[in-house]
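One structure below.
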Amino acid sequence: MAADSDSSARSARTTGLHAGVQAPKPDFKSAEGTVSGSRSAAPMTRDSQTQAKPMTAANATLGAQLHAVQSSAHGITLDITASSDTWPLSATINWGDGKSTPVSVASTAKVTQTHVYDRLGAYTISVTLTDGSGNTATGSLNLPTAGNAYTAYGPTRLLDTRDGTGAPRAKVPAYGTAKIKIAGNGSIPAGVTAVVLNVTVTNPTTEGHVTVYGDGDTMPTTSNLNYLPGQTVPNLVIAPVGADGYVDLYNGGWGSVDLIADVTGYFTQSQASGYTPVDPKRLLDTRSSGTVAAYGTVPVTIPTNAQVPDTKFTAVALNVTVTNPGSDGHLTVYPSGQSLPTASNVNFTAGQTVANSVIVPVGADGRIQVQNGAWKSADVIVDVVGYYTANSKSAYIPVDPDRLLDTRQSQPLYPYDASFGYDYALLDLGSWDRNITGWALNATVTNTRGDGHLSVSQDTNTLDDYKNGTYTRQAVPNSSALNWTAGQTVPNLVQASVGSTGVVDLWNIAYSQTDLVVDMFGFYSKN
1 MAADSDSSAR SARTTGLHAG VQAPKPDFKS AEGTVSGSRS AAPMTRDSQT
51 QAKPMTAANA TLGAQLHAVQ SSAHGITLDI TASSDTWPLS ATINWGDGKS
101 TPVSVASTAK VTQTHVYDRL GAYTISVTLT DGSGNTATGS LNLPTAGNAY
151 TAYGPTRLLD TRDGTGAPRA KVPAYGTAKI KIAGNGSIPA GVTAVVLNVT
201 VTNPTTEGHV TVYGDGDTMP TTSNLNYLPG QTVPNLVIAP VGADGYVDLY
251 NGGWGSVDLI ADVTGYFTQS QASGYTPVDP KRLLDTRSSG TVAAYGTVPV
301 TIPTNAQVPD TKFTAVALNV TVTNPGSDGH LTVYPSGQSL PTASNVNFTA
351 GQTVANSVIV PVGADGRIQV QNGAWKSADV IVDVVGYYTA NSKSAYIPVD
401 PDRLLDTRQS QPLYPYDASF GYDYALLDLG SWDRNITGWA LNATVTNTRG
451 DGHLSVSQDT NTLDDYKNGT YTRQAVPNSS ALNWTAGQTV PNLVQASVGS
501 TGVVDLWNIA YSQTDLVVDM FGFYSKN
């Protein structure tokens with residue numbers, strides 16, 4: 001690729017994308033409680049001159065107002081605002097997990113304590129106040145932790161408007177919505193908070209987009225996938241589930257479309273599997289080992305990883321790419337040892353290169369299967385980006401979709417050129433909570449001028465290193481997050497690793513510039 005004649009200007013334009021972003025605020029829940037029912041500490045006495053009376057004066061105002069709020073994936077913060085005739089008071093907080101905290105209360109000023117639970121779940125927090133005379137008052141409240149753990153499921157088709165699966169057999173009309181039952185569908189339990197869906201749009205008559213969100217919630221202004229007339233476009237979505245257990249798929253186009261949704265797992269606020277992101281690693285590339293035959297299947301062994309000491313993987317997060325297909329078709333990724341499901345992960349036409357994120361359960365033998373659902377051979381590439389294991393404490397917290405980057409509002413993303421020290425956009429997330437281990441992002445390229453692919457990697461530099469000119473040149477990743485051809489708008493879910501600095505690199509591996517839009521849908525936190 002030819003070098004830009006003005007390297008300093010080129011770097012300056014790219015540096016303009018390096019703005020820090022603020023963390024979206026999760027919808028943390030809270031609960032209220034009251035400490036009351038003052039009880040005298042001593043037994044009653046009686047003498048010849050008086051009626052029964054306590055040996056110690058009662059404390060008529062002894063009590064407190066309790067306010068608890070979810071503060072992190074595993075944490076709850078409790079405020080105690082006490083009242084009493086006398087001071088100081090001693091308080092004992094029982095957190096509901098067998099652990100307690102003693103606290104001294106000197107006045108009506110608020111006392112705050114935070115507790116981090118070892119396991120996700122719903123807890124009863126009780127508080128006992130005791131004054132200097134031994135009078136006591138008790139109260140409690142109930143609150144679940146905010147984090148959500150993953151349970152592998154399927155793959156199972158929940159919606160296909162082409163044949164009436166999960167909805168009437170009819171296209172979703174312009175600006176219409178398809179509603180999917182999640183909670184109580186099959187063995188998915190009530191109380192599910194989020195769901196992993198591979199959503200596919202097909203047979204569109206116009207251009208448009210699809211937005212996936214919890215039924216009854218306000219529809220976000222962001223989109224999950226974009227399409228043009230006649231396209232078939234898939235994308236992985238981690239979607240919140242509405243209070244009624246349903247998810248909505250909105251067709252934001254002025255023509256009708258068919259919609260398909262396959263579930264591969266769900267999240268609940270109870271103990272299951274946590275997520276550990278890893279540096280992307282290539283597990284399979286059939287361009288060097290031999291193409292996958294028509295309707296053939298290739299096994300992929302999920303290896304152990306130094307970042308994941310637990311070898312019993314519940315599920316794995318992958319980026320799966322098809323290239324050099326001889327005909328139209330699809331790929332299906334599923335656990336080893338199971339029958340081929342009615343589901344798809346990547347859809348393609350002859351000659352296309354298409355990537356999609358996949359979260360898939362792992363078979364008992366530690367493998368997954370990739371089936372080429374086409375009548376001609378295709379090459380398949382599989383990169384691992386994370387693991388779900390029972391021993392990981394990293395839990396998912398959804399947020400209201402938040403736009404982190406939109407180069408259409410600034411300047412396009414320039415192609416990588418090895419002649420420069422860096423030519424990649426940065427997302428500076430370094431000011432975020434250090435308990436965060438990874439982010440769930442939706443990356444979309446648009447206004448593409450040629451073929452290319454996007455790579456996402458963690459950066460060893462801080463933003464200040466770049467500002468001060470003391471940065472270390474980063475290695476070009478050998479994995480791709482999404483692929484495109486000229487004129488396409490292509491989305492893909494990216495589960496990005498946080499790294500040590502909180503800086504994420506976005507590489508345009510192409511011969512021409514493109515626009516990039518990045519939306520945040522949630523994050524993983526270990527505490």
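The letter at position 344 of the sequence shown is residue 344 when you use full-length UniProt numbering, and the numbering goes up by one with no holes. All C-beta atoms in this analysis are idealised placements derived from N, C-alpha and C, irrespective of residue type, glycine included. Everything numeric in this text was worked out from a predicted model, so none of it was measured.
For residue i, count the other beta carbons within 10 Å of its own beta carbon; 16 or more makes it buried, fewer makes it exposed. Which is it?
i	result
Gln409	exposed
Thr145	buried
Lys526	buried
Leu158	buried
Thr86	exposed
Val196	buried
Tyr175	exposed
Phe521	buried
Pro299	exposed
Gly191	exposed
Ser273	buried
Val237	buried
Asp244	exposed
Pro477	buried
Gly154	buried
Ala475	exposed
Pro168	exposed
Gly373	buried
Trp507	buried
Asn347	buried
Gly75	buried
Trp484	buried
Ser468	One point to set straight first is that residue 468 is Asn, not Ser, in the sequence displayed. It is exposed - the Cβ of Asn468 has fewer than 16 other Cβ atoms within 10 Å.
Asp464	exposed
Take residue i and list the residues in its own chain whose beta-carbon comes closer than 6 angstroms to its own, dropping the five residues that flank it on each side.
i	result
Tyr295	none
Leu429	Gly502
Phe267	Asn148, Tyr150, Thr193, Ala194, Tyr396
Tyr258	The residue asked about is misnamed: residue 258 is Asp in this sequence, not Tyr. Closer than 6 angstroms at the Cβ level, and outside the excluded window around Asp258, lie Thr161, Arg162, Lys171, Thr202, Asn203.
Asp79	His67, Lys110, Thr112
Asp262	Pro155, Arg157, Asn198, Ala343
Asp47	Note that Asp47 has pLDDT 43, beneath the 50 cutoff, so the model's placement of it is unreliable and the number below is only indicative. So no residue of the chain qualifies.
Thr92	Ser100, Pro102, Thr128
Gly499	Gln458
Ala122	Pro144
With a cut-off of 8 angstroms on the beta carbons, I'd call residue i and residue j a contact; round off their distance for me.
i	j	result
Asp143	Ala64	Checking the displayed sequence, the identity of residue 143 turns out to be Leu instead of Asp. In fact, because the Cβ distance is near 16 angstroms, the residues do not count as touching under 8 angstroms.
Gln271	Arg119	5 angstroms
Thr321	Ser480	6 angstroms
Ser104	Ser90	6 angstroms
Thr222	Tyr250	No, Thr222 and Tyr250 are not in contact; Cβ-Cβ is about 11 angstroms, not under 8 angstroms.
Ile125	Gly166	Contact flag wrong, Cβ pair sits at about 40 angstroms.
Val127	Leu62	Actually they are not in contact, since the Cβ atoms of Val127 and Leu62 sit about 12 angstroms apart, beyond 8 angstroms.
Leu141	Gly33	3 angstroms
His209	Gly255	No, His209 and Gly255 are not in contact; Cβ-Cβ is about 12 angstroms, not under 8 angstroms.
Val35	Gly139	4 angstroms
Leu318	Val384	6 angstroms
Ile302	Val316	5 angstroms
Pro220	Pro401	4 angstroms
Please return the same chain residues whose Cβ sits closer than 7 angstroms to the Cβ of residue i, not counting the five positions on each side in sequence.
i	result
Ser497	Pro277, Val278, Asp279, Gly438, Gln458
Gln352	Pro325
Tyr246	Lys179, Ile180, Lys181, Ile182, Asp215
Ala350	Pro325, Gly326, Ser327, Asp328
Ala106	Trp87, Pro88
Leu482	Ala355, Ala443, Val445, His453, Leu454, Val490, Asn492
Gly336	The residue asked about is misnamed: residue 336 is Ser in this sequence, not Gly. Excluding residues within five positions, the ones whose Cβ falls inside 7 angstroms are Pro299, Gly363, Asp365, Arg367, Ile368, Gln369.
Compare the C-beta of residue i with all C-beta atoms of chain B and state if any pair is closer than 8 angstroms.
i	result
Leu141	No chain B appears in this structure, which consists of one protein chain only.
I'd like the ranges of any alpha helix (DSSP H) spanning at least 4 consecutive residues and lying wholly in the region 336–400.
none
With a threshold of 8 angstroms, are at least 3 pairs of Cβ atoms found where one atom belongs to the region 342–352 and the other to the region 388–403?
no
Do the region 439–448 and the region 511–520 make contact, defined as three or more Cβ pairs closer than 8 angstroms?
yes
Is the number of C-beta pairs between the region 370–380 and the region 284–291 that are closer than 8 angstroms three or more?
yes
Quick check for students: name the residue ranges of the beta strand (DSSP E) that lie wholly in the region 71–110, counting only runs of 3 or more.
75–83, 89–94, 100–105
Identify every run of the beta strand (DSSP E) within the region 250–333, keeping only runs that are complete inside it and at least 3 residues long; order them along the chain.
258–268, 274–285, 297–301, 313–323
Flag this pair as touching only if the region 219–239 and the region 484–491 have three or more C-beta atom pairs under 8 angstroms; answer yes or no.
yes
Inside the region 181–251 only - beta strand (DSSP E) runs reaching at least 3 residues
194–202, 208–214, 225–227, 233–240, 246–251
Would you call the region 108–119 and the region 360–374 in contact, with 3 or more CB pairs under 8 angstroms?
no
List, from N- to C-terminal side, the beta strand (DSSP E) runs of 3 residues or more that fit wholly inside the region 421–461.
425–428, 436–446, 452–458
May I have a chain-ordered list of the beta strand (DSSP E) segments no shorter than 3 residues that lie completely inside the region 138–169?
149–160
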